[in-house]
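Colleague: Dumping the structure here so I can ask a few things about it.
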Amino acid sequence: MEDEAPQEEKVRSFFTAFSKILSTKIPENQPPVLFKYKTPEKKLAEEIKRKKELRHKKVQKLQEKKKNYEKDTNVVLEKSLRKVALKGVIKIFNEVASAQLERKTKKIKEGARKQSERFGRRMKRIPEDSEARKIVNYNT
Numbered sequence: 001m002e003d004e005a006p007q008e009e010k011v012r013s014f015f016t017a018f019s020k021i022l023s024t025k026i027p028e029n030q031p032p033v034l035f036k037y038k039t040p041e042k043k044l045a046e047e048i049k050r051k052k053e054l055r056h057k058k059v060q061k062l063q064e065k066k067k068n069y070e071k072d073t074n075v076v077l078e079k080s081l082r083k084v085a086l087k088g089v090i091k092i093f094n095e096v097a098s099a100q101l102e103r104k105t106k107k108i109k110e111g112a113r114k115q116s117e118r119f120g121r122r123m124k125r126i127p128e129d130s131e132a133r134k135i136v137n138y139n140t
């Protein structure tokens with residue numbers, strides 16, 4: 001008898017659980033299998049919510065930009081300032097180019113002077129009556 005009481009209780013609890021499951025009303029637009037499983041719907045709802053938040057943030061950023069944006073009211077002044085800046089930039093480039101040219105000419109002159117000095121030293125080594133000296137003197 002003792003074994004029958006727990007067995008009977010198990011059957012009753014199974015019966016009540018099963019009757020609850022069968023008595024639940026299932027919406028017509030959802031399938032009866034796993035209709036209480038909400039994770040895909042939750043994910044979809046979260047995605048929609050996230051997109052709305054992003055859109056809202058973008059709109060707020062645009063409004064902040066428009067709010068802080070000031071148009072140039074003095075176009076004539078801006079134009080004159082641009083001209084002055086352009087002239088300054090042109091002067092800087094011209095100065096740089098002239099400095100580079102000066103360095104280049106100085107280097108060339110210095111190289112020519114060194115070359116003539118080397119030639120003079122070589123000529124001192126050659127004896128006065130040699131053929132090489134006669135050829136060089138003939139060309140000059």
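Numbering of the sequence shown is given in UniProt numbering, commencing with residue 1 and proceeding in unit increments.
Don't be surprised by glycine CBs; every beta carbon is placed ideally from N, CA and C.
Since the model is a prediction, treat every value here as computed from it, not as a measurement.
Mind pulling the beta strand (DSSP E) runs of 3 or more residues that sit fully within the stretch 49 to 128?
Modeller: Correct list: empty.
Colleague: Taking the alpha-carbon positions, what's the E117 to E102 distance?
Modeller: Their backbone Cα atoms lie some 22 Å apart in a straight line.
Colleague: Can you tell me whether DSSP reads Q38 as helix, strand or coil?
Modeller: Here the sequence assigns Lys to residue 38, which means Gln is not the residue at that position. If DSSP states are grouped into helix, strand and coil, K38 belongs with coil.
Colleague: When DSSP labels each residue in this structure, what does M1 get in the three-state scheme?
Modeller: Confidence in M1 is poor, its pLDDT being 49 and thus under 50, which makes the residue's placement too unreliable to answer from.
Colleague: Taking only the alpha-carbon atoms, compute the straight-line gap between E47 and A85 and give it to the nearest angstrom.
Modeller: Answer to the nearest angstrom: the Cα atoms are 52 Å apart.
Colleague: Step through the CB atoms of chain C and report whether any lies within less than 9 Å of the CB of F93.
Modeller: Among the protein chains of the structure shown there is no chain C, as only one such chain exists.
Colleague: Taking only the alpha-carbon atoms, compute the straight-line gap between K20 and S13 and give it to the nearest angstrom.
Modeller: When rounded, the distance between both Cα atoms is 11 Å.
Colleague: Excluding the 5 residues preceding and the 5 following L81 in the sequence, name in chain order all residues of the same chain whose CB lies nearer than 7 Å to its CB.
Modeller: Correct list: empty, nothing qualifies.
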